[in-house]
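Undergrad:
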Amino acid sequence: MASPDIPNQNDVLRTVDGIPLKTALATASRRARIRAFLLVVPLLVFILLTFAVPIGQMLSRSFTDDKFSANMVELGKWFDANGKAAPDEAAYAALAADLKTSAEDRSAGNVGTRINYELPGTRSLFTSAARKARNLEPPFKEAILALDPQWARADLWAAMRSASAPATLNFYQAALDRQIGADGEFEAAPENTQIYVKLFIRTFVMSIVITGLCLLLGFPIAHLLAILPLRHASLLMILVLLPFWTSLLVRTTSWMVLLQTQGVINDLLVWLHIVSDGGRLEMMYNQTGTIIAMTHILLPFMILPLYSVMKTIPPSYARAARSLGATSWTTFRRIYLPQTISGIGAGGILCFILAVGYYITPALVGGADGTLISNQIAFHMQKSLNWSLAAALAGMLLVAVLILYWAYDRIIGIDNMKLG
Amino acid sequence: MALPIYADPLERAWYYSYRVICALIFIFLIAPILIIMPLSFNYQPYFTFSPEMLRLDPDAYSLRWYDNLLTFGMSAPDALRDSSWWSDVWHNAKWVQAAKNSIIVGFFATIVATVLGTIAAMGLSRPEMPFRKLIMAILISPMIVPIIITATGLFFFYSDIGLSGTYFGLIMAHATLGIPFVIITVTATMMGFDRSLIRAAQNMGAGPVTTFFKVQLPLITPGVVSGGLFAFVTSFDEVVVVLFVGSHEQQTIPRQMWNGIREQISPSILAVATILVIFSICLLTVVELLRRRSERLRGVTPS
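Listed in order, the protein sequences are those of chains V and D. Following numbering that gives the first Met the number 0 from start to finish, the first sequence increments by one per residue and tops out at 419. Following numbering that gives the first Met the number 0 from start to finish, the second sequence increments by one per residue and tops out at 302.
1) In whole angstroms, give me the CA-to-CA distance for residue 67 (chain V) and residue 125 (chain V).
2) Cα separation between residue 87 (chain V) and residue 194 (chain V)?
3) Go to residue 10 (chain D), then tell me how far its alpha helix (DSSP H) extends in each direction, as first and last residue.
4) Run down chain V in chain order and give the residues with a C-beta less than 8 Å from the C-beta of residue 84 (chain D).
5) Which same chain residues, not among the five before or five after residue 123 (chain V), have their C-beta less than 8 Å away from its C-beta?
6) For residue 51 (chain D) and chain V, any beta-carbon pair shorter than 8 Å?
7) Rounded to the nearest angstrom, what separates residue 72 (chain V) and residue 47 (chain V) at their Cα positions?
8) Just reading off the beta strand (DSSP E) that residue 187 (chain V) is part of, what are its end residues?
9) Against chain V, which members of the region 111–131 of chain D pass a CB distance test of less than 7 Å?
10) Please confirm whether residue 241 (chain D) and residue 251 (chain D) have their CB atoms less than 8 Å apart.
11) Would you mind listing the alpha helix (DSSP H) stretches within the region 149–216 of chain V that are 4+ residues and don't spill past its ends, in chain order?
12) With 16 as the cutoff for other CB atoms within 10 Å, does residue 295 (chain V) come out buried or exposed?
13) Return the CA-CA distance between residue 404 (chain V) and residue 234 (chain V), expressed in angstroms with no decimal places.
14) What separation, rounded to the nearest whole angstrom, lies between the Cα atoms of residue 394 (chain V) and residue 354 (chain V)?
15) Name the chain D residues whose beta carbon is nearer than 8 Å to that of residue 31 (chain V)?
16) For residue 124 (chain D), tell me which candidate among D:151, D:178, D:186 and D:77 has the shortest Cα-Cα distance.
17) Do residue 147 (chain D) and residue 376 (chain V) come within 8 Å of each other at the CB atom, strictly closer than that value?
18) Determine the closest residue to residue 289 (chain D) out of D:188, D:152 and D:27, with distance taken between C-alpha atoms.
19) Where do the N-terminal and C-terminal ends of the alpha helix (DSSP H) with residue 173 (chain D) fall, by residue?
20) Shorter than 8 Å from the beta carbon of residue 342 (chain D) to some beta carbon of chain V?
21) Check the Cβ of residue 277 (chain V) against every Cβ in chain D and list those closer than 8 Å, keeping chain order.
22) Could you tell me the alpha carbon to alpha carbon distance between residue 0 (chain V) and residue 139 (chain D), rounded to whole angstroms?
23) Sorted by chain position, which residues of the same chain lie with C-beta nearer than 7 Å to residue 201 (chain D)'s C-beta, five sequence neighbours on each side aside?
24) Residue 89 (chain V) and residue 132 (chain V) look like a contact to me (Cβ under 8 Å); what is the Cβ gap, rounded to whole Å?
25) Taking residue 221 (chain V) as the reference, give the member of V:152, V:58, V:308 and V:160 with the closest Cα.
26) Give me, in chain order, the residues of the same chain whose beta-carbon lies closer than 8 Å to that of residue 361 (chain V); leave out the 5 immediate sequence neighbours on both sides.
27) For chain V, find out if any of its Cβ atoms is closer than 8 Å to the Cβ of residue 245 (chain D); answer yes or no.
28) Since residue 74 (chain D) meets chain V, which of its residues come closer than 7 Å, beta carbon to beta carbon?
29) Anything in the region 53–80 of chain V with a Cβ closer than 7 Å to a Cβ of chain D? List those residues in chain order, please.
30) Which class does residue 302 (chain D) belong to by DSSP, given the choice of helix, strand or coil?
31) Alpha carbon to alpha carbon, what distance is there between residue 151 (chain V) and residue 250 (chain V)?
32) Mind listing the chain D neighbours of residue 283 (chain V)? Cutoff is C-beta to C-beta under 9 Å, in chain order.
33) Applying a beta-carbon distance threshold of less than 8 Å, which residues of chain D neighbour residue 199 (chain V)?
34) Among residues of its own chain, excluding the 5 on either side of residue 276 (chain V), which ones have a beta-carbon nearer than 6 Å to its beta-carbon?
35) Using a threshold of 8 Å, state whether the C-beta atoms of residue 166 (chain D) and residue 260 (chain D) are closer than that.
36) Going by C-alpha to C-alpha distance, which of D:193, D:265, D:280 and D:217 sits closest to residue 228 (chain D)?
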C-alpha cells in the first residue's frame with residue numbers, strides 16, 4: 000500500500016511499510032466504515048424495494064391520474080391551445096371525437112369516473128353521451144347540448160381542463176375539503192360535504208385523548224414496577240407484557256365481547272343495579288368503544304418506556320428532598336416528575352404515532368363516529384375506488400407521522416427504543 | 000418500597016389507595032384477555048355468562064365451538080370420526096387451512112427478517128458505522144408508518160409487478176414489517192456485547208467467520224431468537240396487508256378472524272382467541288427465559 004508520492008520526512012511517524020501513521024489509520028478506519036456499511040446494505044436494499052419504493056409510488060399516484068387525459072386526447076389538445084377560453088365549436092368537436100373513441104374502446108366509464116371525483120353526479124353524463132356519440136353531427140355544440148344541457152356547465156369544463164393534464168393537485172385539494180367552483184378556481188366545499196379536515200381533527204383529538212389516558216393509567220403502573228423489588232416487579236411485568244404479546248384482533252374481540260349492550264360489563268352493571276335493564280350503556284360502535292379499546296392496546300407502549308426511565312432514578316433523591324423538609328407532593332412534583340420527563344416524552348410520542356395511524360380497532364369497534372383517517376383511506380381503496388384520493392390522504396397522514404417520528408428522534412433518539 | 004415510619008396518616012391512606020389504583024389498572028390490562036377464555040366454553044351462542052355458567056353447571060359448558068373450528072368448511076363434517084374424517088379436516092377445514100397459511104408465511108417471513116436484520120444489526124452496532132442514525136431511522140420506519148399506508152403502497156406496487164396474491168409477495172411484506180423488531184432487539188443485545196472478545200478471538204488467529212459463529216453468535220443468540228419471535232408474532236397477527244395484497248388463497252388466521260368479526264361474530268372466534276392467548280403465553284415465557292439467559296451470559300445479575 001506504499002504510495003510513492005509521500006514525502007520522506009523524518010519527523011512523521013511511520014508504519015513498518017513506511018506509510019505515515021496518519022494515512023494508514025485513515026485507510027484502516029475507512030475500510031472499517033465500508034465493512035460496517037456493507038453489512039447493512041442487503042437490508043437497506045430490501046427495505047428500499049419492499050417499503051420505500053411502494054410508498055413512493057403511492058405518493059406519485061396521489062399527484063397523477065390519467066384516466067381522463069389518456070382517453071380524451073383531442074380535448075386535451077384544445078385545452079393546450081386555448082387555455083381558459085370559453086368552449087367554442089372546435090372544443091365541442093374535439094369532445095365529440097373523444098366521446099366517439101371512448102365509446103369504441105369502452106373507456107367512457109373511466110373518463111366519467113375521473114370527472115365524477117371533482118363533480119359528483121357527472122359520471123352518467125359521459126357514459127350516456129358516449130353511447131350516443133356515433134350519431135353526433137356538426138354543429139357539435141348544439142348536438143351535444145341537445146343530449147344534455149349540463150354540458151354547458153362552466154364548472155364541468157373547468158374540471159375537464161384540470162383533468163386533461165395527468166399531473167394534478169386536485170386530490171390534495173379534495174383531501175382538504177376544497178372543490179372546483181363554477182369559475183374554475185378552487186373554493187371551500189359546502190359545509191355538509193366537508194369531511195376530511197374534520198376527520199383529521201377528530202383523529203388528532205382522539206389520539207391525544209388516548210395518549211393522555213395511557214399516561215394517566217401507565218404512570219402509576221410504571222412507578223409501582225420501578226419501586227417494587229425486582230422479583231415482584233418481574234411477576235407484575237408479565238401482566239403488562241401478556242397484553243403486549245397477545246394478538247391485536249384477540250384484544251379487540253375481547254373488548255367487543257365486553258362492551259356489547261348484551262355483554263359482560265352491561266350485565267354486571269345491571270346486576271349491581273347501577274343501570275336499569277332498559278338503560279344499558281352504548282359503549283361500542285362509537286368513540287367510547289374506540290377510546291377504551293385503543294387505550295388498552297397502546298398502554299404497554301406507554302408503560303415500557305416509562306418503566307425503563309423510572310428504574311434508573313435513584314430513590315435517594317426523593318429521600319433527600321423529604322429530609323430537607325419537602326412534603327411528599329412537593330417531592331413528587333419538584334424532584335421525581337422532572338426526572339421522568341424523557342420517559343413521558345418517549346411513551347407519549349410513541350403512543351400518539353401509533354394511535355394516529357390505527358386502523359383495525361376503529362374499524363371493528365368504531366362504528367360511524369369512532370373511525371379515524373386510516374379507515375377513510377381504506378374506504379377509498381376498497382369501496383369508492385378513488386385510489387388517488389386515498390393516496391393523497393395517505394400522503395398527508397404520512398407527513399404528519401414522519402414529523403412526529405423526527406420529533407421522537409430529536410427528543411429521545413431512535414437507538415433508545417426498547418421492547419420489553 | 001415499604002412505607003417509611005415517618006409517614007403521616009394522609010400518606011398512609013395514599014400508600015394503600017395507590018396500591019388499589021394499581022391493582023385496578025392491572026385488572027383493566029389483563030381481564031379482557033382472560034375473560035374470553037371461560038366464555039369460549041359457553042354452550043349458548045352468547046357472549047356473556049349465562050346464569051347456569053355462574054352456577055358452574057357442567058351442562059352450560061361445552062367444547063362445541065372448538066369442534067366447530069375443525070368442522071367449519073369440511074365436506075362431510077357429520078361423518079364418522081375416523082382417519083378419513085381427520086384427513087378431511089386437514090384438507091378442507093377453513094381454520095386449519097388458515098393456520099397452515101399463517102405458519103408458512105410467518106415462518107419464511109421470520110427467516111428473511113431475522114437473517115437480514117441480524118447481519119444489519121452487526122453493522123449498526125459497530126462504532127465506525129457511518130450515517131448510523133439515519134439508517135437506523137429508515138430501518139425502523141416500517142414499525143412507525145401506519146400499516147394502512149404500507150398496505151396501500153404495496154397494493155399498487157404488487158399489482159404493477161404481478162406479486163399480488165402470491166405467497167412470495169406476502170412473505171416479503173411481512174418480513175419488512177418484522178425487521179424493525181429484529182433490529183431493535185438485536186442491536187440492544189449487541190450494545191451489551193464486549194467487543195474485546197472479538198479482538199481476542201482475532202488475536203488468536205480466528206477469521207471473521209469463525210469469530211462470528213464461535214464467539215459472537217452464541218452470545219447474541221438470545222437476542223436474535225427474541226427478535227425472530229417478535230417478527231413471527233408480527234406476521235402471525237397481521238391482517239391489513241393480507242387484506243390488501245392477498246388473494247383468497249392466502250387466508251390467514253387473522254384474516255379469517257377479521258371476516259368472522261365483521262360478518263357475524265360467532266363464539267368460534269372466542270375459541271380461536273383463547274388458543275391464540277395460550278399461544279402468546281407460551282411465546283412470552285420463551286422470550287422471558289431467553290432474556291434471563293442473555294443477562295446471565297453477559298454477566299448482568301438481577302439486583
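Glycine is no exception: its CB is placed at the ideal position from the N, C-alpha and C atoms. Remember, predicted model here, so these are calculated numbers, not experimental data.
TA: So, from the data block:
1) 11 Å
2) 37 Å
3) 8–38
4) Correct list: empty, because the minimum Cβ distance to chain V is about 29 Å.
5) 111.
6) No - not a single Cβ of chain V is within 8 Å of the one on residue 51 (chain D).
7) 36 Å
8) Counting along the chain, the beta strand (DSSP E) containing residue 187 (chain V) begins and ends at 185–187.
9) 115, 116, 118, 119, 121, 122, 123, 125, 127, 128 and 129
10) Yes. Within cutoff.
11) 153–162 and 169–174
12) Residue burial is scored here from C-beta neighbours: residue 295 (chain V) has at least 16 other C-beta atoms within 10 angstroms and is therefore classed as buried.
13) 32 Å
14) 17 Å
15) Taking a Cβ-Cβ cut-off of 8 Å, the neighbours of residue 31 (chain V) in chain D comprise 125 and 127, given in sequence order.
16) D:186
17) Taking a C-beta distance under 8 Å as the contact criterion, residue 376 (chain V) and residue 147 (chain D) qualify as a contact pair.
18) The residue with the shortest Cα to Cα distance from residue 289 (chain D) is D:188.
19) It spans 166–190 - the alpha helix (DSSP H) in which residue 173 (chain D) sits, taken as one unbroken run.
20) No statement about residue 342 (chain D) is possible, as the shown extent of chain D runs from 0 to 302 and does not include it.
21) Result: empty, since nearest Cβ-Cβ is about 17 Å, beyond 8 Å.
22) Below a pLDDT of 50, predicted positions are generally treated as unreliable, and residue 0 (chain V), at 46, falls in that range; the measurement from the model is reported next regardless. C-alpha separation (whole angstroms): 39 Å.
23) 210
24) Residue 89 (chain V) to residue 132 (chain V), Cβ: 17 Å. No contact.
25) The shortest CA-to-CA distance from residue 221 (chain V) to any of V:152, V:58, V:308 and V:160 is the one to V:308.
26) 289, 293, 369, 370, 371, 373 and 374
27) no
28) None at all; the shortest Cβ gap to chain V is about 28 Å.
29) 53, 54, 56, 57 and 60
30) Interpretation of residue 302 (chain D) is limited by its pLDDT of 37, a score under 50 that renders its predicted location unreliable; the figure taken from the coordinates is listed afterwards. Reduced to three states, the DSSP call for residue 302 (chain D) is coil.
31) Residue 250 (chain V) and residue 151 (chain V): Cα-Cα distance of roughly 56 Å.
32) Within 9 Å Cβ-Cβ: nothing; residue 283 (chain V) doesn't reach chain D, min ~11 Å.
33) Result: empty, since nearest Cβ-Cβ is about 13 Å, beyond 8 Å.
34) 269
35) no
36) D:280
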